Every structure is written in C-alpha cells, then in structure tokens.
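A.B. asks: One structure, as structure tokens, below. Some questions next.
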Amino acid sequence: AADLLAQRVLGPVPGSCLLRVCAYSRPKEDIETTAPGLIKWSNFDDNEGAFLMPSLDRVLSKRVVVVTCLMAAKLYHLGVPPGHFSHVVVDEAGHAEEPLTLAATAGLLAPDGRSRLVLAGDPQQ
C-alpha cells in the first residue's frame, strides 16, 4: 500500500520532493517489481546494495515521506522533531493494530495540535 501511495503522489508532486523509506530487509528486486521507477526516490544505497536509514537532513528536506507504520517509528528515533509534518496519514488503518498505529504516529505529531492525523481505510475490505 505504501508503494502504491508513493506512486500516486508522484503525479502531482515532483519526485525530488518525495522520499519512500523502505525497510532494511526489503530486497531491491521487490520494489523494482512492485513499483518500477520508485527506487530512484527511495532510501536504497547503491554502494551498500541495500535500503539504509536516510540522514535526518534528507528526511527533513522532503515535502512527502512515505513509510510503513514500523518505519514511521524509526523516523522519530532518527530525530525528526514532533510537528515537522503537517499531516500524518495512516492508510489501511482499519487493518492496523492500535499499538502499532500509536507507535508510528505519537512521536511525529505536534503536541500543540498543529499536526493532523488522518486514519484511512475500511476494515471490511
């Protein structure tokens, strides 16, 4: 779902403004098969031949960062300040476990309410 979302965002948003952060364990072939062309805008490191956590500066410089719930929690640990993102969208939230959704979003939302959390998805799908 994250790859599909990233591909759809690439229409209205230039690729230079997008970062798709994939899990370290994801094989390169997987993204090349499921989302051709998206690897260019991802955290894949050609020298290491693997997906690596991007630098804090790289994350903060992007207008749109697409991650799974597990990788979203890692953004907080990377140092992304609460409230940096104006919107945090959890797609397929109807299928996500509440603790996982909370862990993914809690550190990224502004404590003063400036951030918006959007939970999207149909649990009956």
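Just so you know, UniProt numbering puts the end of the sequence shown at 125, numbered straight through with nothing missing. Backbone N, C-alpha and C fix where the C-beta goes; we use that ideal spot for every residue, glycine too. Quantities reported herein were computed from a predicted structural model and do not represent experimental measurements.
Would you say the stretch 9-22 touches the stretch 62-71, given that touching needs at least three Cβ pairs under 8 Å?
C.D. replies: Yes, the stretch 9-22 is in contact with the stretch 62-71.
A.B. asks: Have a look at Leu4 and Thr34 and give me their C-alpha separation to the nearest angstrom.
C.D. replies: As a first step, residue 4 must be located in the sequence shown, where it is residue number 4. As a first step, residue 34 must be located in the sequence shown, where it is residue number 34. When rounded, the distance between both Cα atoms is 9 Å.
A.B. asks: Would DSSP call Asp45 helix, strand or coil?
C.D. replies: What you label residue 45 is simply residue 45 of the sequence shown in a count that begins at 1. Here Asp45 sits in strand by DSSP.
A.B. asks: Verify whether the separation of the beta carbon atoms of Gly83 and Ala110 is less than 8 Å.
C.D. replies: What you label residue 83 is simply residue 83 of the sequence shown in a count that begins at 1. What you label residue 110 is simply residue 110 of the sequence shown in a count that begins at 1. Against a cut-off of 8 Å, the Cβ pair of Ala110 and Gly83 comes out as a contact.
A.B. asks: What does the alpha-carbon distance come out to for the pair Ala6 and Leu38?
C.D. replies: Locating residue 6 in the sequence shown gives position 6, counting from the first residue. Locating residue 38 in the sequence shown gives position 38, counting from the first residue. Cα-Cα distance, rounded: 8 Å.
A.B. asks: Just to confirm, is the Cβ distance from Gly15 to Lys40 under 8 Å?
C.D. replies: Taking the first residue of the sequence shown as position 1, residue 15 is located at position 15. Taking the first residue of the sequence shown as position 1, residue 40 is located at position 40. Contact: yes.
A.B. asks: Taking C-beta to C-beta, are Ala103 and Leu119 nearer than 8 Å?
C.D. replies: Translated into positions along the sequence shown, residue 103 becomes position 103. Translated into positions along the sequence shown, residue 119 becomes position 119. Going by C-beta atoms, Ala103 is not nearer than 8 Å to Leu119.
A.B. asks: What residue from Asp46, Pro99, Cys69, Ile31 has the CA that sits closest to Val88's CA?
C.D. replies: If you number the sequence shown from 1, residue 88 lands on position 88. Among Asp46, Pro99, Cys69, Ile31, the Cα nearest to that of Val88 belongs to Cys69.
A.B. asks: Output the distance between the C-alpha atoms of Phe51 and Glu98, rounded to the nearest integer angstrom.
C.D. replies: Taking the sequence shown and counting its residues from 1, one reaches residue 51 at position 51. Taking the sequence shown and counting its residues from 1, one reaches residue 98 at position 98. Cα to Cα, Phe51 sits roughly 27 Å from Glu98.
A.B. asks: Taking DSSP's pairing of strands, which residues face Arg20 in a bridge?
C.D. replies: Sequence index remark: in the sequence shown, residue 20 carries index 20 (1-based). DSSP output for Arg20 lists Ser42, Val66 as bridge partner(s).
A.B. asks: For the beta strand (DSSP E) containing Leu108, list its first residue and its last residue.
C.D. replies: Counted from its first residue, the sequence shown places residue 108 at position 108. Run containing Leu108: none; DSSP gives neither H nor E here.
A.B. asks: Quick check: Arg58 and Ser86, are their CB atoms within less than 8 Å of each other?
C.D. replies: Residue mapping note: residue 58 aligns to position 58 of the sequence shown, counting from 1. Residue mapping note: residue 86 aligns to position 86 of the sequence shown, counting from 1. Cβ atoms of Arg58 and Ser86: not closer than 8 Å.
A.B. asks: If we call anything under 8 Å between Cβ atoms a contact, is Leu60 one with Leu108?
C.D. replies: Here residue 60 refers to the residue found at position 60 of the sequence shown. Here residue 108 refers to the residue found at position 108 of the sequence shown. Contact flag unset, no.
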